Amino acid sequence: MFGRDFVFGVSLSGFQFEMGRACPDSVDRGSDWYLWTHDKLNIENGIVSGDFPEDGPNYWNNYGEYHRLAAYSGMKMVRIGLEWSRIFPSPTFDITDVELEGICDRSTLEHYRKIIKDIKERGMKVVVNLNHFTLPLWLHEPVKVNRLSDFTAGGWVDPRSVEQFRKFAALCGRELGDLVDMWSTQNEPNVVAMLGYRNRASGFPPSIIRPELVEVARNNLIEAHLVAYDELKRTSDLPVGLIYAFSWIDGEESAVNLAMKKTQFEFVDRISNKLDFLGCNYYSRMVVESDPSSDNGYRTLRGYGQNCEPNSLSGYGRPTGDFGWEIYPEGLYNILKMICRRYDVPVYVMENGIADMADHYRPYYLISHLKALEKLLEEGYNIKGYLHWSLTDNYEWSSGLGKQFGLIGVDFSDGKLTPRPSFYLFKEIIGQGTVKNFEKMLATPYRIFDTDLLIE
Ligand code: BGC
Numbered sequence: 138m139f140g141r142d143f144v145f146g147v148s149l150s151g152f153q154f155e156m157g158r159a160c161p162d163s164v165d166r167g168s169d170w171y172l173w174t175h176d177k178l179n180i181e182n183g184i185v186s187g188d189f190p191e192d193g194p195n196y197w198n199n200y201g202e203y204h205r206l207a208a209y210s211g212m213k214m215v216r217i218g219l220e221w222s223r224i225f226p227s228p229t230f231d232i233t234d235v236e237l238e239g240i241c242d243r244s245t246l247e248h249y250r251k252i253i254k255d256i257k258e259r260g261m262k263v264v265v266n267l268n269h270f271t272l273p274l275w276l277h278e279p280v281k282v283n284r285l286s287d288f289t290a291g292g293w294v295d296p297r298s299v300e301q302f303r304k305f306a307a308l309c310g311r312e313l314g315d316l317v318d319m320w321s322t323q324n325e326p327n328v329v330a331m332l333g334y335r336n337r338a339s340g341f342p343p344s345i346i347r348p349e350l351v352e353v354a355r356n357n358l359i360e361a362h363l364v365a366y367d368e369l370k371r372t373s374d375l376p377v378g379l380i381y382a383f384s385w386i387d388g389e390e391s392a393v394n395l396a397m398k399k400t401q402f403e404f405v406d407r408i409s410n411k412l413d414f415l416g417c418n419y420y421s422r423m424v425v426e427s428d429p430s431s432d433n434g435y436r437t438l439r440g441y442g443q444n445c446e447p448n449s450l451s452g453y454g455r456p457t458g459d460f461g462w463e464i465y466p467e468g469l470y471n472i473l474k475m476i477c478r479r480y481d482v483p484v485y486v487m488e489n490g491i492a493d494m495a496d497h498y499r500p501y502y503l504i505s506h507l508k509a510l511e512k513l514l515e516e517g518y519n520i521k522g523y524l525h526w527s528l529t530d531n532y533e534w535s536s537g538l539g540k541q542f543g544l545i546g547v548d549f550s551d552g553k554l555t556p557r558p559s560f561y562l563f564k565e566i567i568g569q570g571t572v573k574n575f576e577k578m579l580a581t582p583y584r585i586f587d588t589d590l591l592i593e
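The numbering used here applies: residue 138 is where the sequence shown begins, and numbers increase by one.
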């Protein structure tokens, strides 16, 4: 059993959900990602999909229906994201703390208050995350960085970013702290640093290959978390955490050790003295081997983890979804066990899900990952909740609208929501408080959960 105090819910973010064709007032043109996804050259070069975020699900206006469906399914927690560019449409560089209230966008804050209140009135708790990939354009002009190496507004490699984030956190704490249940400062800072400065194909702004900047961005993100933590603590004693992209790593031992250290623990170790909870996002594993020619010393193998063909079988015989990510729930079990042993804070799974428009594999995905979690809880690990990614389809960054992660499907022409079978399955599991009655599905037609792959 998951136990009475364990919470189920969903995670959403700002940029991926808020805008929608049906409502022009939902559109925010002020962020780096907005510019990036509209850039003609990026579209022509296939760096981004050519889909636009303003054709997205329209949570900004339709949030009541989202929350109604979440509450109906028995969920008790919703994570949302705030868009920095909406709250501060103009720069805060020369603005003192006392002047922040004067230049923030009041109507945006009022709107976020309405959204949060609506979640709470439906009996659910709310986790508010301050930064999910997007930055205001006045802090990050990714096209200029990418094409002209012009770092005038350099985003997370800009030394001014930490102080501006501190101000943003301070204002959010003061304006919204009375409604929030838990704060998260950042979502997946490791992804922001790695994909932005070490990977062109990801389509992640600014998409440049300057490995030395990965470290610069990472250091600023760490500092930003630390100062935001202090700011949020100044206004209340609410728990403040961070959400990190974890993975499980298999493969050649020396490469595994290297990758584990670099990608899994280094960042969190450095903030662990200012962390009241840790959010773990987990989708699949990585399989690595040594590669002295890579600046990291290792590379990932094709055919495993997040490096497979879409809708196929991995080298290990596991099904993959529309993104080509291998279903590997044993990795969630293993990494959560390591996290719980390493960090003395409550852990929440804050994202876990699969791009699967047909909802073919999602039932297996859900059942197998919840089985991993239930097993850990029964072994006594300090895991407090599971938030699925996500409630509905949304705008999947550079991949646009075609990669659909929703328990509920969205008709992007009018925002209409249609629950998929997995939605009802999740509702049923939440209601039963255990996944045990569904486990037999994991043996046919795929053998998805293999206890031999679990660490001691
Ligand atoms: C991100 C989400 C994204 C999901 C699926 C996570 O890395 O936090 O924004 O939609 O993965 O790709």
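Ideal Cβ placement from N, Cα and C applies to all residues, glycine included.
Note that the coordinates shown come from a computational prediction; the quantities given were computed from them, not determined experimentally.
Between Asp165 and Met156, the C-beta spacing is below 8 Å. Rounded to whole angstroms, Asp459 and Glu446 show a C-alpha spacing of 9 Å. Nearest Cα to Leu450 within the set Gln301, Ser321, Leu507 and Glu463: Glu463.
Residue range Val144 to Ser148 is occupied by the beta strand (DSSP E) that includes Val147.
Between Leu172 and Val294, the gap from beta carbon to beta carbon reaches 8 Å or more.
Here Asn268 is bridged, per DSSP, to Gln323. Cβ-Cβ distances below 6 Å link Thr322 to Leu267, His362, Ala365 and Leu379 in the same chain, with the five nearest sequence neighbours on each side left out; the list follows chain order. For Arg311, the uninterrupted alpha helix (DSSP H) run begins and ends at Ser298 to Leu313, by DSSP. Taken in chain order, the unbroken stretches of alpha helix (DSSP H) that lie wholly in the region 399-443 and span 4 residues or more are 403-408.
When distances are taken from the beta-carbon of Asn471 to the heavy atoms of the ligand BGC, even the shortest one reaches 7 Å or more. Inclusion of Glu325 in the 7 Å shell around the ligand BGC follows from its C-beta lying nearer than that to a non-hydrogen atom of the ligand. Here Pro556 is bridged, per DSSP, to Ile545.
According to DSSP, Thr457 shares a beta bridge with Glu463. Considering only His506, Val393, Arg557 and Leu358, the residue with the shortest C-alpha distance to Arg436 is Val393. Cβ-Cβ separation between Trp221 and Phe305: approximately 5 Å, consistent with a contact (criterion under 8 Å).
In the structure shown, Ser339 falls within a coil segment according to DSSP collapsed to helix, strand and coil.
Taken from the Cβ of Asn394, every heavy atom of the ligand BGC lies 7 Å or farther away. Within its own chain, the residues whose Cβ lies closer than 6 Å to the Cβ of Gly461, once the five positions on either side in sequence are excluded, are Cys445, Glu446 and Pro447, listed in chain order. Secondary structure at Ala361: helix, using DSSP grouped into helix, strand and coil. Contact annotation: Lys521 and Phe143 have beta-carbon atoms nearer than 8 Å.
In the three-state reduction of the DSSP assignment, Ser536 falls in the helix class, which pools H, G and I. Below 8 Å, too few C-beta pairs join the region 470-484 and the region 245-262 to call them touching: fewer than three. DSSP, read as helix, strand or coil, puts Leu219 in coil. Taking the Cβ atoms as the reference, Phe414 lies roughly 6 Å from Tyr485, within the contact range of under 8 Å.
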